[in-house]
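Each residue of the sequence shown is one higher than the last, beginning at 19 in the working numbering.
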Amino acid sequence: ELTRQLLGFARGGKYVIGSIDINKLVAESAEMFGETKKEITVHARMSEDTLTIEGDRTQIEQVLLNLYVNAWQAMPGGGELSVETNSVVIEQSEAKIHEFEPGRYARISVSDKGVGMDQKTQARIFEPFFTTKEMGRGTGLGLASVYGIVKNHNGVIEVESEPGKGSSFHIYFPTSEKALEKDKEGKKKIMRGTESILLIDDEEIILDVASELLATLGYTVIKAKSGKEAVDIYRRKSGEIDLAILDMIMPKMGGGKTYDLLKGINPGIKCILSSGYSIDKDAKEIMARGITTFMQKPFDIAVLSQKITDALAGSKKK
Numbered sequence: 019e020l021t022r023q024l025l026g027f028a029r030g031g032k033y034v035i036g037s038i039d040i041n042k043l044v045a046e047s048a049e050m051f052g053e054t055k056k057e058i059t060v061h062a063r064m065s066e067d068t069l070t071i072e073g074d075r076t077q078i079e080q081v082l083l084n085l086y087v088n089a090w091q092a093m094p095g096g097g098e099l100s101v102e103t104n105s106v107v108i109e110q111s112e113a114k115i116h117e118f119e120p121g122r123y124a125r126i127s128v129s130d131k132g133v134g135m136d137q138k139t140q141a142r143i144f145e146p147f148f149t150t151k152e153m154g155r156g157t158g159l160g161l162a163s164v165y166g167i168v169k170n171h172n173g174v175i176e177v178e179s180e181p182g183k184g185s186s187f188h189i190y191f192p193t194s195e196k197a198l199e200k201d202k203e204g205k206k207k208i209m210r211g212t213e214s215i216l217l218i219d220d221e222e223i224i225l226d227v228a229s230e231l232l233a234t235l236g237y238t239v240i241k242a243k244s245g246k247e248a249v250d251i252y253r254r255k256s257g258e259i260d261l262a263i264l265d266m267i268m269p270k271m272g273g274g275k276t277y278d279l280l281k282g283i284n285p286g287i288k289c290i291l292s293s294g295y296s297i298d299k300d301a302k303e304i305m306a307r308g309i310t311t312f313m314q315k316p317f318d319i320a321v322l323s324q325k326i327t328d329a330l331a332g333s334k335k336k
C-alpha cells in the first residue's frame, strides 16, 4: 500500500504534457499562497527571460505548493518567503560535477528564513515520512513527491540550509524551444462558494495544500486525517457539512469503508472521491455505491472548483 501511495503521489497518475510559462505559473502560485497565509510575506522576482518548459502543469503546481507549505511550516511564527526564477546555462564541465545534462534550464528558487536544517537532515529530507527534529513534524509524502515529480520531468532539485538561518530549494527544469501554447488554464473559469467541506486525507501535507486551495475558493474546511476521524466528525456535524472530499487509499480504514459509514449517517451525503491515480476499477466500485464525482490528485484549482460546484448541485445517482 505504501508503494502504491508513493507511485501515486510521485507520478500523480498519467501526465498531461504541454508547454508551460514558468514565470507566469510561479508568479500566480506565489501570489495565491501569499493571499491565504497572511503571516507570511512573499517576495517574488521573476526572470526577464522567457522560461518555457515541457511538462504537466498540475504536477508543477503541486511541487510549488508543497515547497511553499514546507517553508511556512519552518516559520511557525511567520516570516519571509522568497520565490525567484532564473535562466541558467549548464556547461559540459559543470554537468560532470552535478546530475545535469548540459543545456539551458529554468531555475526556480524557494527560500525561507525559518529554522533551517543541518547536513544530516538535508541528506534525508526527500525520504517519505522523514520527520525533522527542528519542525517536530513529518514531511509525509510531500517532499518525496516533489523529488519524484522533478525527476520525472528530467529535472534536478538541490537544497541549501543552515540551522537558525533558513532553507533554499533550487529546482532546475530543462527549457523547451517549442512555441509556448496558449494558456488554456488561464481561460478556465474558477468557481467559488461558501459551503462547508469535510476534507479527508491521511497525508498532512496534502491536507494543508488542499485546504489552502479550498479556502482560496471561499469554502470553510474541516480536516480529518483518517477515516475514523472523519466518521467521528461527521457523526457530530453532518448537519453543518455540505460536501466531503474523500481520499480513496488510506491505512486502516480505506475510502470505501469510510464512505459506507458516512452514508450510514446521512444517506444523502454528497462526496467527491479523490486518488493519486486516474480512475480505475477500485474507484468505480466505490463510486457505484453513490458517489458521482471523481478528482485525481494533485488538485488543479480550476478543475477542483468546477468539480465541487457540480457535486454540490447534482443529485445522488442510485
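Glycine included, every Cβ here is placed at the ideal spot set by N, Cα and C.
Keep in mind the model is a prediction, meaning the values are calculated, not measured.
Residue ranges of each alpha helix (DSSP H) within the stretch 239 to 320, 4 or longer
Runs of alpha helix (DSSP H) with 4 or more residues, each lying fully within the stretch 239 to 320, are found at 245 to 255, 273 to 283, 299 to 305, listed in chain order.
Buried versus exposed call for residue 325 [16 or more other C-beta atoms within 10 Å across all chains shown]
With 16 or more Cβ atoms within 10 Å of its Cβ, residue 325 is classed as buried.
C-alpha distance - residue 128 paired with residue 285, whole-angstrom precision
For residue 128 and residue 285, the distance between alpha carbons rounds to 45 Å.
Can you find at least 3 beta carbon pairs, one from the stretch 59 to 68 and one from the stretch 210 to 219, that sit closer than 8 Å?
At 8 Å Cβ cutoff, the stretches do not touch.
Residue 74 versus residue 34 - alpha carbon distance:
Looking at the two C-alpha atoms, the distance is approximately 5 Å.
Cut-off 6 Å between Cβ atoms - residues of its own chain near residue 219, not counting five sequence neighbours on either side:
Within the same chain, residue 219 has close Cβ partners 225, 265.
Check whether the stretch 43 to 53 touches the stretch 166 to 177, counting contact only when three or more Cβ pairs, one atom from each stretch, lie closer than 8 Å.
The answer is no - the stretch 166 to 177 does not touch the stretch 43 to 53, with fewer than three Cβ pairs under 8 Å.
Among the residues of its own chain, which have a CB less than 7 Å from the CB of residue 102, if the five just before and after it don't count?
Excluding positions up to five away in sequence, the list reads 63, 127.
Ends of the alpha helix (DSSP H) at residue 75?
Per DSSP, residue 75 belongs to the alpha helix (DSSP H) from 75 to 91.
State yes or no: is the C-beta of residue 161 within less than 8 Å of the C-beta of residue 88?
Inclusion of residue 161 and residue 88 in the CB contact set at 8 Å is warranted, their separation being smaller than that value.
Which class does residue 169 belong to by DSSP, given the choice of helix, strand or coil?
Correct three-state label for residue 169: helix.
Among the residues of its own chain, which have a CB less than 8 Å from the CB of residue 248, if the five just before and after it don't count?
Cβ within range, chain order: 216, 218, 242, 262, 264, 276, 280.
Residues near residue 256 by beta carbon distance below 7 Å, same chain, minus five either side
These residues qualify, in order along the chain: 283, 284.
Verify whether the separation of the beta carbon atoms of residue 122 and residue 100 is less than 8 Å.
No, Cβ-Cβ distance for residue 122 and residue 100 is not below 8 Å.
Proximity winner among 130, 310, 108, relative to residue 120 (alpha-carbon distances)
Comparing Cα positions, the closest option is 108.
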